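Everything on this sheet refers to the single structure shown next.
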Amino acid sequence: MNAKQFILSLLLLTVAVICLVYSFGYLDALSSYLDLGLMSIALFSTICAGMYFFASRSAKKDQKVAFLNIFMLSTLLKMLFSVILIALYYKTQVPTTKFFILPFFVVYAIYTIFEVWFMSKLTKIYSK
């Protein structure tokens, strides 16, 4: 997967996820938590872009250990930033229901699937 294909895939995914998050606005339980969904999109799309940049560089140089380390580091950072985002949101917005977390989890799951997909593409291309 080259950079152009990745950027196009990331943009299409991000547009689709933004539409999905805005569709949560039609549900009474989730309508007031769209901002957390949008912040999650910004966080995870940035992490994916950074992960692709570093992983593709290490994969091209045939640095398999570095490639694995990048994946592990990005997973750790994703979890850390997720906890920080949720904690800050909870502290500043004081949500009234437990449903505030649903848009975050949906976005998290979608971008995690995307990460696994493009990382597996990178390993297949550069492992030959």
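Numbering that gives the first Met the number 0 applies: residue 0 is where the sequence shown begins, and numbers increase by one. Ideal Cβ placement from N, Cα and C applies to all residues, glycine included. Predicted, not measured: the structure shown is a model, and the values here were computed from it.
Ile-112: beta carbon under 6 Å from a heavy atom of the ligand ZN?
This structure does not include the ligand ZN; it has no bound ligands of any sort.
Quick check: what's the CA-CA separation for Val-20 versus Leu-79?
Counting from 1 along the sequence shown, the entry for residue 20 is found at position 21. Counting from 1 along the sequence shown, the entry for residue 79 is found at position 80. Taking the straight line from one Cα to the other gives about 22 Å.
Contact defined as beta carbons within less than 8 Å: I believe Phe-53 pairs with Ile-40. What is the distance between those atoms, to the nearest angstrom?
Stepping through the sequence shown from its first residue, residue 53 is reached at position 54. Stepping through the sequence shown from its first residue, residue 40 is reached at position 41. Incorrect: roughly 21 Å between the Cβ atoms, too far for contact.
At the level of alpha carbons, what is the spacing between Gln-92 and Asn-1?
Translated into the one-based positions of the sequence shown, residue 92 becomes position 93. Translated into the one-based positions of the sequence shown, residue 1 becomes position 2. In a straight line, the C-alpha of Gln-92 is about 40 Å away from that of Asn-1.
Should Val-16 go down as buried or exposed, given a rule of 16 or more other Cβ atoms within 10 Å for buried?
Along the sequence shown, read from residue 1 onward, the residue named residue 16 stands at position 17. Result: buried.
Evaluate Gly-36 with the Cβ neighbour count: other Cβ atoms within 10 Å of its Cβ, from every protein chain shown; 16 or more gives buried, anything less gives exposed.
Locating residue 36 in the sequence shown gives position 37, where the first residue counts as 1. Classification of Gly-36: buried, given that the 10 Å Cβ count is 16 or more.
Could you check whether the region 22-29 touches the region 42-61, counting it as contact only if at least three pairs of C-beta atoms, one from each stretch, sit closer than 8 Å?
no
Going by alpha carbons, who is nearest to Leu-7 out of Phe-113, Lys-63, Lys-60 and Thr-95?
The sequence position of residue 7 within the sequence shown is 8, counting from 1. Taking only the C-alpha atoms, the option nearest Leu-7 is Phe-113.
Determine, using beta carbons only, whether Phe-43 and Tyr-110 come nearer to each other than 7 Å.
Sequence index remark: in the sequence shown, residue 43 carries index 44 (1-based). Sequence index remark: in the sequence shown, residue 110 carries index 111 (1-based). Yes. Within cutoff.
Just mark Pro-102 as buried or exposed, buried being the case when its beta carbon has 16 or more other beta carbons within 10 Å.
As a working note, residue 102 is residue 103 in the sequence shown. Its Cβ being crowded by 16 or more others within 10 Å, Pro-102 is buried.
Given a threshold of 16 other Cβ atoms within 10 Å of its Cβ, counted over all protein chains shown, does Ser-57 qualify as buried or as exposed?
Numbered from its first residue, the sequence shown carries residue 57 at position 58. The residue in question, Ser-57, is buried, as its Cβ has 16 or more Cβ neighbours within 10 Å.
How far does the alpha helix (DSSP H) with Ser-8 in it reach, from first residue to last?
Residue numbering aside, residue 8 sits at position 9 when the sequence shown is read from its first letter. It spans 2-22 - the alpha helix (DSSP H) in which Ser-8 sits, taken as one unbroken run.
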